[in-house]
Amino acid sequence: MSTDPANPTRRELLSAFRTRTAAPSESARIAGPAPNGGATVRLTARLMGCDFTVVLNPGPEQVEVAGEALERISAVEAWLSHYRDDSQLSRLNQTGWPGPASISAELRDFLEFCRHCWQLTDGAFDVAAGALSQLWRHCRKAGRIPDDAAVAAAKACSGHSLVNMNPVGNTVCFSAAGISLDPGAVGKGWGLDDAAAWLLDRAEPLQNFLLSGGHSSLLAAGSHNGTGGWPVGLGNPLFTEKRIATILLMYQAMGTSGSNIQFFRHAGRRYGHVLDPRTGWPAEGMLSATVLADSAALADALSTAFFCDGSGKGG
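My numbering puts the first residue of the sequence shown at 92, with every later residue one more than the last.
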């Protein structure tokens with residue numbers, strides 16, 4: 092994989108994590124038994140097909156603040172979801188070929204970030220592999236696996252190299268029919284980053300919070316009632332009810348990819364849900380991959396790429 096630095100634009104979104112009270116060396120550390128920080132304010136909403144939770148230290152109007160943070164994530168889902176026909180991303184999937192299709196500044200920023208991650212990981216992360224995702228989703232529901240010809244056909248209309256963006260005019264053209272953008276690997280992290288930026292930049296900035304999207308995406312600022320961070324569990328991929336360790340997360344995000352929960356079996360073989368876009372087949376050779384990064388979207392993208400590339404079988 093390339094060792095280029097992370098996308099500066101995306102890193103700047105949460106640059107407050109490095110310029111507030113925490114020093115970089117304090118950003119995360121392995122803890123012993125989880126410290127008892129006392130009570131929290133916790134609010135959860137069902138978004139992007141999973142539970143998003145905002146956890147805050149007790150204080151006045153915290154429930155209202157948590158609700159507004161969840162509304163920010165809901166707003167991201169409204170334009171980013173590929174399951175909603177009226178979203179910006181769905182309209183782009185429908186009109187990108189032959190194009191040009193007009194896009195908003197927020198979708199432009201998202202696509203620029205995804206292109207950077209695609210380049211950074213040598214294609215192990217690819218938001219433009221939606222055709223492959225659709226193929227495997229259909230086959231999973233039908234209780235079968237696709238044949239080589241079907242995988243090859245889906246690969247032919249997959250890949251960020253086929254997505255041509257004009258950042259000046261905010262337009263996008265696809266190079267072939269059948270291209271589909273699927274933000275599933277990074278959408279949760281993008282929503283968490285948006286909510287975190289809002290919490291940090293509001294008139295009365297919130298310095299201490301923990302945000303989570305499902306069981307795979309987390310982002311923390313400050314600490315839980317002075318405990319030195321927010322204690323989060325690193326799950327055991329073989330025994331999902333157990334933890335390998337507890338990490339004190341502070342001013343950092345954590346993303347995990349794995350196939351221990353979402354998978355199916357066919358003819359005695361186990362197939363995970365994480366696809367390697369370079370081969371067109373489910374990634375193999377890894378149980379899980381966890382990444383700590385400056386933004387939740389970057390942690391999500393890199394954990395997906397490392398899960399695909401960890402076996403060394405990628406392209």
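Even for Gly, the Cβ is constructed at its ideal location relative to N, Cα and C.
- Query: Is Phe300 buried or exposed, if buried means 16 or more other CB atoms sit within 10 Å of its CB?
  - Reply: Here residue 300 refers to the residue found at position 209 when the sequence shown is read from its first residue. When all chains shown are included, Phe300 counts as buried.
- Message: Any contact between the stretch 375-385 and the stretch 338-353? By contact I mean 3 or more CB pairs, one from each, below 8 Å.
- Response: Yes, they touch.
- Query: Using a Cβ-Cβ cut-off of 7 Å (strictly less than) and excluding sequence neighbours within five positions of Ser314, which residues of its own chain qualify?
  - Reply: Looking up residue 314 in the sequence shown gives position 223. Closer than 7 Å at Cβ, skipping near neighbours: Asn299, Gly320, Trp321 and Met341.
- Cβ atoms of His173 and Arg206: under 8 Å apart, would you say? In the sequence shown, residue 206 corresponds to position 115, counting from 1. In the sequence shown, residue 173 corresponds to position 82, counting from 1. Note that the C-beta distance between Arg206 and His173 is not below 8 Å.
- Message: Cutting at 6 Å between CB atoms, please list the residues of its own chain near Gln185, excluding the five before and the five after it.
- Response: Locating residue 185 in the sequence shown gives position 94, counting from the first residue. Nothing listed; no residue qualifies.
- Message: Give me, in chain order, the residues of the same chain whose beta-carbon lies closer than 6 Å to that of Ala114; leave out the 5 immediate sequence neighbours on both sides.
- Response: Numbered from 1 along the sequence shown, position 23 holds the residue referred to as residue 114. A caution first: Ala114 carries a pLDDT of 35, below 50, which makes its placement in the model too unreliable to give a value.
- Message: Our contact map puts Gly221 next to Ala390 with C-beta atoms below 8 Å; I'd like the distance itself, whole angstroms only.
- Response: Translated into the one-based positions of the sequence shown, residue 221 becomes position 130. Translated into the one-based positions of the sequence shown, residue 390 becomes position 299. Going by Cβ atoms, the distance from Gly221 to Ala390 rounds to 22 Å, so no, they are not a contact pair.
- Item | Contained beta strand (DSSP E) runs [length at least 3] in the stretch 246-325, N- to C-terminal order | Qualifying beta strand (DSSP E) stretches, in chain order: 254-257, 262-265, 300-304 and 308-312.
- Message: On a Cα-Cα basis, can you pick out the residue from Lys333, Thr318, Pro368 and Arg199 that is closest to Gly324?
- Response: Taking the first residue of the sequence shown as 1, we reach residue 324 at position 233. Ranking Lys333, Thr318, Pro368 and Arg199 by Cα distance to Gly324 puts Lys333 first.
- Output the boundary residues of the alpha helix (DSSP H) element that contains Arg163. In the sequence shown, residue 163 corresponds to position 72, counting from 1. First-last of the alpha helix (DSSP H) with Arg163: Gln153 to Leu171.
- Message: Quick check on the burial criterion: 16 or more other C-beta atoms within 10 angstroms. Buried or exposed for Arg137?
- Response: On the sequence shown, residue 137 is found 46 positions in, with the first residue counted as 1. By the 10 Å Cβ count, Arg137 comes out exposed.
- Pick helix, strand or coil for Ser181, following the three-state DSSP scheme. Within the sequence shown, the letter at position 90 stands for residue 181. Here DSSP, grouped into helix, strand and coil, assigns Ser181 to helix.
- Message: Need the endpoints of the alpha helix (DSSP H) that Ala219 sits in, please.
- Response: Your numbering for residue 219 matches position 128 in the sequence shown. Ala219 -> no alpha helix (DSSP H), and no H or E assigned at all.
- Query: How about Gly158 and Leu183: are their beta carbons less than 8 Å apart?
  - Reply: In the sequence shown, the residue the question calls residue 158 occupies position 67. In the sequence shown, the residue the question calls residue 183 occupies position 92. No, Cβ-Cβ distance for Gly158 and Leu183 is not below 8 Å.
- Query: Under three-state DSSP, which class holds Thr135?
  - Reply: In the sequence shown, counting from the first residue as 1, residue 135 sits at position 44. DSSP places Thr135 in strand when its eight states are reduced to three.
- Over the uninterrupted beta strand (DSSP E) stretch that includes Ser394, give me the two end residues. One-based indexing of the sequence shown puts residue 394 at position 303. Membership of Ser394 in any beta strand (DSSP E) is not indicated; the residue belongs instead to the alpha helix (DSSP H) covering Ala387 to Asp400.
- Query: According to the neighbour-count rule (16 or more other Cβ atoms, all chains shown, within 10 Å of its Cβ), is Gly198 buried or exposed?
  - Reply: Counting from one through the sequence shown, the residue named residue 198 turns up at place 107. Reading off the sequence shown, one finds Leu at residue 198, where the question assumed Gly. With 16 or more other Cβ atoms within 10 Å, it is buried.
- Task: Find the nearest neighbour of Ser266 within the set Ala286, Val259, Asn255 and Tyr362, judged by alpha-carbon distance.
- Result: Translated into the one-based positions of the sequence shown, residue 266 becomes position 175. Closest option to Ser266, Cα to Cα, is Asn255.
- Query: To the nearest angstrom, how far is it from the Cα of Met139 to the Cα of Arg163?
  - Reply: Reading the sequence shown from its first residue, position 48 is the one you call residue 139. Reading the sequence shown from its first residue, position 72 is the one you call residue 163. Their Cα atoms are separated by approximately 13 Å.
- Just confirm the distance between the C-beta atoms of Trp170 and Leu180, as a whole number of angstroms; I'd bet it's less than 8 Å. The residue given as residue 170 occupies position 79 in the sequence shown. The residue given as residue 180 occupies position 89 in the sequence shown. Contact holds; Cβ gap of about 7 Å.
- Message: Between Arg137 and chain C, is the shortest Cβ-Cβ distance under 8 Å, so that the two count as touching?
- Response: Protein chain content of the structure displayed is limited to a single chain, and chain C is not contained in it.
- Item | Continuous alpha helix (DSSP H) stretch holding Ala196: start and end | Looking up residue 196 in the sequence shown gives position 105. That run of the alpha helix (DSSP H) goes Ala196 to Leu211.
- Query: Tell me which same chain residues have a C-beta within less than 7 Å of the C-beta of Ala388, skipping the five on either side of it?
  - Reply: Numbered from its first residue, the sequence shown carries residue 388 at position 297. Cβ neighbours of Ala388 beyond the five flanking positions: Arg101, Phe204, Val277, Gly280, Trp281 and Asp284.
- Where Asp176 falls: helix, strand or coil (DSSP): Locating residue 176 in the sequence shown gives position 85, counting from the first residue. DSSP places Asp176 in coil when its eight states are reduced to three.
- Query: Do Ser348 and Thr318 have their C-beta atoms within less than 8 Å of each other?
  - Reply: Looking up residue 348 in the sequence shown gives position 257. Looking up residue 318 in the sequence shown gives position 227. Not a contact, by the Cβ cut-off of 8 Å.
- Mind checking Ser118: buried by the 16 CB within 10 Å criterion, or exposed? Here residue 118 is taken as the residue at index 27 of the sequence shown, counted from 1. Low per-residue confidence applies at Ser118: pLDDT is 40, beneath 50, and the placement is therefore not dependable enough to give any value.
- For Val154, I'd like the list of residues in its chain whose CB is within less than 8 Å of its CB, leaving aside the five on either flank, ordered along the chain. As a position in the sequence shown, residue 154 is number 63, starting the count at 1. Excluding residues within five positions, the ones whose Cβ falls inside 8 Å are Val132 and Leu134.
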